[in-house]
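Undergrad: Structure in structure tokens, see below.
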Amino acid sequence: MNREIYLDNSATTRQFDEVTAYMSHIAGNVYGNPSSLHRKGIEAEKHLKKARQAVADSLKVESRDLYFTSGGTEANNLAILGCLEANPRLGRHIITTQVEHPSVLEVFRFLEKKGYKTDFIKVDSFGTIDLDELESKISPETALISIILVNNEIGTVQPVEEIIRIKNSIKRDALIHVDAVQAYCKIPVFPQRAGIDFLSVSSHKIHGPKGVGALYAKRGVKISPVFYGGGQETALRSGTENVPGICGFGMASEMISGSIDENHKKVKTIKEAFIKRLGNLSEDFKMISPGASLPYILNIAFAGLKAEVLLHHLEEFNIFVSTGSACSSRKNTHSHVLKAVKLDSKYIEGAIRFSFSALNSVAEAEETVEALKVIIPKIKIKRGGQAWKK
Ligand SMILES: Cc1ncc(COP(=O)(O)O)c(C=O)c1O
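Sequential numbering from 13 applies to the sequence shown in the working numbering.
What follows is the structure, given as structure tokens:
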């Protein structure tokens, strides 16, 4: 079986071939240090500039307001830790949601230990933040609100504009950080226009290389580095730049940012075809991704089976998916997102995330559902808890 059906695009995407070729050219030829004063350095600096402009254009921001990082995790950490460090007078209270990525949740837990008051706002069964609770929590002590724009496990899109409006009506100078890693280049994300102070993006979710990301920081809003060194990235993120990675990121963002609507339509057709074919599946399952969620993610929980077992059976068909979030799937705990949406306990062990990209097809979605129809009856847990033999 040569064909592969890769439906784990929220964990990471397949890098565009053009990006791989370009990165290889940069790594082999443009190897100067962008800080060096000679020709090789200037050449590398020129390529960095081009990549910075491409990512900035995709976000409709100025390139000098973008800082390259090692990915979404670092951008999230830098935004949260850096803005609190630089703005101590704003207060010691910080707010986020119960459905954040660990690279925000864990920073909040760390800050809690350091004496910050934290609030994790609850969500409804679709994963949407409770705006009344948010409103009731914002106080003169609130320094920062950090929100995930698109949830990585179930695809819920948070009402960021409404969140900013509420924040501004209570404490205008509290800062807003948006984790846009799963939203970037999938829906329009324009932080400057939206009045966002900090916004994190990552390259490997948009068919760029892994280990590269960027933080947008609104000009004039103070932010401190989290580590110190040679002063690269306007001294906010020291360390010799990952030139091939950044160049690959720039190219991927340029290749994909002009096709947001087209890709959205294509992926929506794929998701709809998947759901339609699922309709005649006689199993007990629940679709967790709400109607209003991003078409790129479809989380389905099957009663009476273990997601990990299903994942490995799908793998035998060369179909690749995730159980919940890839970042937490190796930890043997139930997903905090599925707990937050109060998923019934009979489904919680059987949640599988299918995540699409514009490189997928309707035929792949249909083939995956056909595979599910073959696999599920074989692996369903019988009442006594015993799995049927294959
Ligand atoms: C919503 C969200 N934020 C942050 C990250 C971390 O990004 P990176 O893998 O680039 O560190 C991820 C990765 O899965 C994510 O889905």
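Here a beta-carbon is modelled for each residue, glycine too, at the ideal position from N, C-alpha and C. These numbers come from a predicted model, not from an experiment.
Give me the DSSP bridge partner(s) of Arg365.
TA: Arg365 is bridged to Asn311, Ser334.
Undergrad: Near Ala87, which residues of its chain fall below 6 Å by C-beta distance, leaving aside the five closest residues on each side in sequence?
TA: Excluding residues within five positions, the ones whose Cβ falls inside 6 Å are Thr81, Ser212, Gly225, Leu227.
Undergrad: Of the residues Ser357, Phe314, Phe368, which one's Cα is nearest the Cα of Lys385?
TA: Checked all of Ser357, Phe314, Phe368; the closest Cα to Lys385 is Phe314.
Undergrad: Output the distance between the C-alpha atoms of Lys402 and Thr130, rounded to the nearest integer angstrom.
TA: Per-residue confidence for Lys402 stands at a pLDDT of 42, beneath the threshold of 50, marking its modelled position as unreliable; no derived number is given.
Undergrad: Can the beta-carbon of Asn330 be found closer than 8 Å to that of Arg365?
TA: No, they are not a contact pair.
Undergrad: What I want to know is whether the C-beta of Thr85 ends up closer than 7 Å to one or more non-hydrogen atoms of ligand 1.
TA: Flag set: Cβ of Thr85 near ligand 1.
Undergrad: Grouping DSSP H, G and I as helix and E and B as strand, with all else coil, what is Ser373?
TA: Correct three-state label for Ser373: coil.
Undergrad: I'd like to check one pair, Val190 with Ile159: are the Cβ atoms closer than 8 Å?
TA: Against a cut-off of 8 Å, the Cβ pair of Val190 and Ile159 comes out as a contact.
Undergrad: If I follow the unbroken beta strand (DSSP E) through Gly207, where does it start and stop?
TA: No beta strand (DSSP E) contains Gly207, which DSSP labels as neither H nor E.
Undergrad: Could you work out which residue in Ala155, Glu320, Ile133 is closest to Gln453 when comparing CA atoms only?
TA: For residue 453 there is no data in the structure shown, the boundaries of the chain being 13 and 402.
Undergrad: At a threshold of 7 Å, does His216 count as lining ligand 1 (C-beta to nearest heavy atom)?
TA: For ligand 1, at least one heavy atom lies less than 7 Å from the Cβ of His216.
Undergrad: Out of curiosity, what's the CA-to-CA distance linking Val193 and Leu306?
TA: The straight-line gap from Cα to Cα measures roughly 13 Å.
Undergrad: Report buried or exposed for Leu49, applying the criterion of at least 16 other Cβ atoms within 10 angstroms of its Cβ.
TA: Exposed, since its Cβ has fewer than 16 Cβ neighbours within 10 Å.
Undergrad: Could you name the residues that DSSP lists as bridge partners for Gly225?
TA: Paired residues: Thr81, Ser214.
Undergrad: Using the Cβ count rule (16 or more neighbours within 10 Å means buried), how would you classify Thr252?
TA: Exposed, since its Cβ has fewer than 16 Cβ neighbours within 10 Å.
Undergrad: Return helix, strand or coil for Tyr240, following the three-state DSSP convention.
TA: Three-state DSSP puts Tyr240 in coil, outside helix and strand.
Undergrad: Is it true that the segment 48-65 meets the segment 88-101, where meeting means three or more beta-carbon pairs spaced less than 8 Å apart?
TA: Segments in contact, no.
Undergrad: Cutting at 8 Å between CB atoms, please list the residues of its own chain near Ser15, excluding the five before and the five after it.
TA: Correcting the residue identity first, residue 15 is Arg in this sequence and not Ser. Closer than 8 Å at Cβ, skipping near neighbours: Asn330.
Undergrad: Throw me the rounded Cβ distance for the Ile38 and Cys259 pair, which I believe falls under 8 Å.
TA: Right, their Cβ atoms sit about 5 Å apart.
Undergrad: Compute the beta-carbon to beta-carbon distance between Thr380 and Leu19, rounded to the nearest angstrom, for a pair I have assumed lies under 8 Å.
TA: Yes, they are in contact, since the Cβ atoms of Thr380 and Leu19 sit about 6 Å apart, within 8 Å.
Undergrad: Taking the continuous beta strand (DSSP E) assigned at Leu161, which residues delimit it?
TA: Note, Leu161: premise wrong, no beta strand (DSSP E); not H, not E.
Undergrad: Indicate the three-state DSSP secondary structure (helix, strand or coil) for Asp142 in the structure shown.
TA: Reduced to three states, the DSSP call for Asp142 is coil.
Undergrad: Quick check on this structure: which residue in Phe28, Leu248, Ile166, His219 has the alpha carbon closest to the alpha carbon of Ala229?
TA: Comparing Cα positions, the closest option is Leu248.
Undergrad: In or out: Phe368 buried (at least 16 other Cβ within 10 Å) or exposed?
TA: Buried, since its Cβ has 16 or more Cβ neighbours within 10 Å.
Undergrad: With distances taken Cα to Cα, identify the nearest neighbour of Gln244 among Glu57, His324, Ile178.
TA: Comparing Cα-Cα distances from Gln244 to each of Glu57, His324, Ile178, the minimum goes to Glu57.
Undergrad: Suppose contacts are defined by Cβ-Cβ distances below 8 Å. Is His105 in contact with Glu153 by that definition?
TA: Contact: yes.
Undergrad: Look up Leu117 in the DSSP assignment and say whether it is helix, strand or coil.
TA: Leu117 falls in the helix class under three-state DSSP.
Undergrad: Three or more beta-carbon pairs under 8 Å between the segment 161-169 and the segment 134-143, yes or no?
TA: Because the criterion of three Cβ pairs below 8 Å is met, the segment 161-169 and the segment 134-143 touch.
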